[in-house]
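Scroll down for the structure; my scribbles are underneath it.
Protein chains in written order, with this note's numbering: chain A, 14 to 268; chain B, -19 to 56.
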């Protein structure tokens, strides 16, 4: 497989994982800045090991043991459910019905909570380690799920998905390490919109393949399916904007 | 042990389901597609993927419309 093909195959996992890494990094940053870096870094490393174990055992076992048609059906179902969850929330956010995801606000809240708990400098910071471990594990489970789902098509797909997720992790962590602040410049809400549509697209495509449907041009149908999801989402945002009375959007948030 | 299993279940459920009706609707759409793919004529079976896409798009629009109506009712 040449570099361009690997890059294309790794892109969906890269984008989806980047969103999760941004969220995990916000929490780890909050812990590191308020309580010192040793404990959250150890917590994050332990969490990364746990996730590597999950992908290494579950992912490889799934790809090598489960028959391909059954695997596509299962992965298609999970991807569709996962993707629709993201897409629905993204549409509701863009329509003003649910508050936009705000990394700055999450960071401030986390810092305030961690400061309130106090730090004993002479002892090992278990709170800092556990908070970082849980945050990385929680967001990382979604990354593991994404990698397994996008990599389920075979060994080369799995390698590309792992590569995409690792690249996303390295870039997000490197940028956060340089900036030492939450990555508010990342258009997270827009990314979630695109990723939700992308995950749903792969869910429909792979479930269809799993039950024996013929997609014209095989993978060439993917942009058409993706376009349909984006068009439906755009229509939904317009529909919701029309439903809510003018000026009521802010009041409608968080309902 | 049961609290660990409960936490794993809660996390897995939360990972896949935000709105119960949307999730159930998606499962129903997948089941309809599976039935069509396995019981219809070849032409229908081969195009079952497009049936799934149509069902899911209709489901998304209907679900979001319901969410919008609920929001409007709460504001009013």
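Think of the CB as a built atom: it goes at the ideal place given N, C-alpha and C, for glycine as much as any other residue.
Residue i versus residue j - alpha carbon distance
| i | j | result |
| --- | --- | --- |
| residue 265 (chain A) | residue 54 (chain B) | With a pLDDT of 48 at residue 265 (chain A), under the threshold of 50, the predicted position of this residue should be treated as unreliable, though the coordinate-derived value follows. Rounded to whole angstroms, residue 265 (chain A) to residue 54 (chain B) spans 8 Å at the Cα level. |
| residue 4 (chain B) | residue 213 (chain A) | 15 Å |
| residue -12 (chain B) | residue 239 (chain A) | 31 Å |
| residue 40 (chain B) | residue 110 (chain A) | 16 Å |
| residue 15 (chain A) | residue 180 (chain A) | 17 Å |
| residue 143 (chain A) | residue 61 (chain A) | 13 Å |
| residue 61 (chain B) | residue 136 (chain A) | Residue 61 (chain B) lies beyond the residue range present for chain B, which begins at -19 and ends at 56; the question has no answer from this structure. |
| residue 80 (chain A) | residue 196 (chain A) | 41 Å |
| residue 14 (chain B) | residue 215 (chain A) | 17 Å |
| residue 17 (chain A) | residue 160 (chain A) | 19 Å |
7 Å Cβ cutoff met for residue i and residue j
| i | j | result |
| --- | --- | --- |
| residue 33 (chain A) | residue 156 (chain A) | yes |
| residue 44 (chain A) | residue 141 (chain A) | yes |
| residue 35 (chain B) | residue 9 (chain B) | yes |
| residue 38 (chain A) | residue 187 (chain A) | no |
| residue 75 (chain A) | residue 173 (chain A) | no |
| residue 199 (chain A) | residue 107 (chain A) | no |
Integer-rounded CB distance, given that residue j should sit under 8 Å from residue i
| i | j | result |
| --- | --- | --- |
| residue 46 (chain A) | residue 145 (chain A) | No, residue 46 (chain A) and residue 145 (chain A) are not in contact; Cβ-Cβ is about 12 Å, not under 8 Å. |
| residue 63 (chain A) | residue 127 (chain A) | The pair is not a contact, with the Cβ atoms about 22 Å apart (cut-off 8 Å). |
| residue 103 (chain A) | residue 218 (chain A) | Not confirmed; about 20 Å, so no contact. |
| residue 209 (chain A) | residue 96 (chain A) | 5 Å |
| residue 243 (chain A) | residue 48 (chain B) | With a Cβ gap of about 19 Å, residue 243 (chain A) and residue 48 (chain B) do not count as contacting. |
| residue 138 (chain A) | residue 52 (chain A) | 4 Å |
Coil, strand or helix - residue i by DSSP
| i | result |
| --- | --- |
| residue 227 (chain A) | coil |
| residue 267 (chain A) | Per-residue confidence for residue 267 (chain A) stands at a pLDDT of 43, beneath the threshold of 50, marking its modelled position as unreliable; no derived number is given. |
| residue 21 (chain B) | coil |
| residue 316 (chain A) | Residue 316 (chain A) is absent from the model: chain A starts at 14 and stops at 268. |
| residue 282 (chain A) | There is simply no residue 282 (chain A) to check, as chain A begins at 14 and stops at 268 in what is shown. |
| residue -10 (chain B) | helix |
| residue 110 (chain A) | coil |
| residue 197 (chain A) | coil |
| residue 19 (chain A) | helix |
Minimum C-alpha distance to residue i - residue among the options
| i | options | result |
| --- | --- | --- |
| residue 120 (chain A) | A:42, A:171 and A:55 | A:42 |
| residue 93 (chain A) | B:19, B:-4 and B:-14 | B:-4 |
| residue 245 (chain A) | A:100, A:118, A:172 and A:56 | A:100 |
| residue 204 (chain A) | A:247, A:31, A:69 and A:231 | A:31 |
| residue 130 (chain A) | A:58, A:185, A:48 and A:175 | A:48 |
| residue 227 (chain A) | B:-6, B:-16, B:31 and B:-18 | B:31 |
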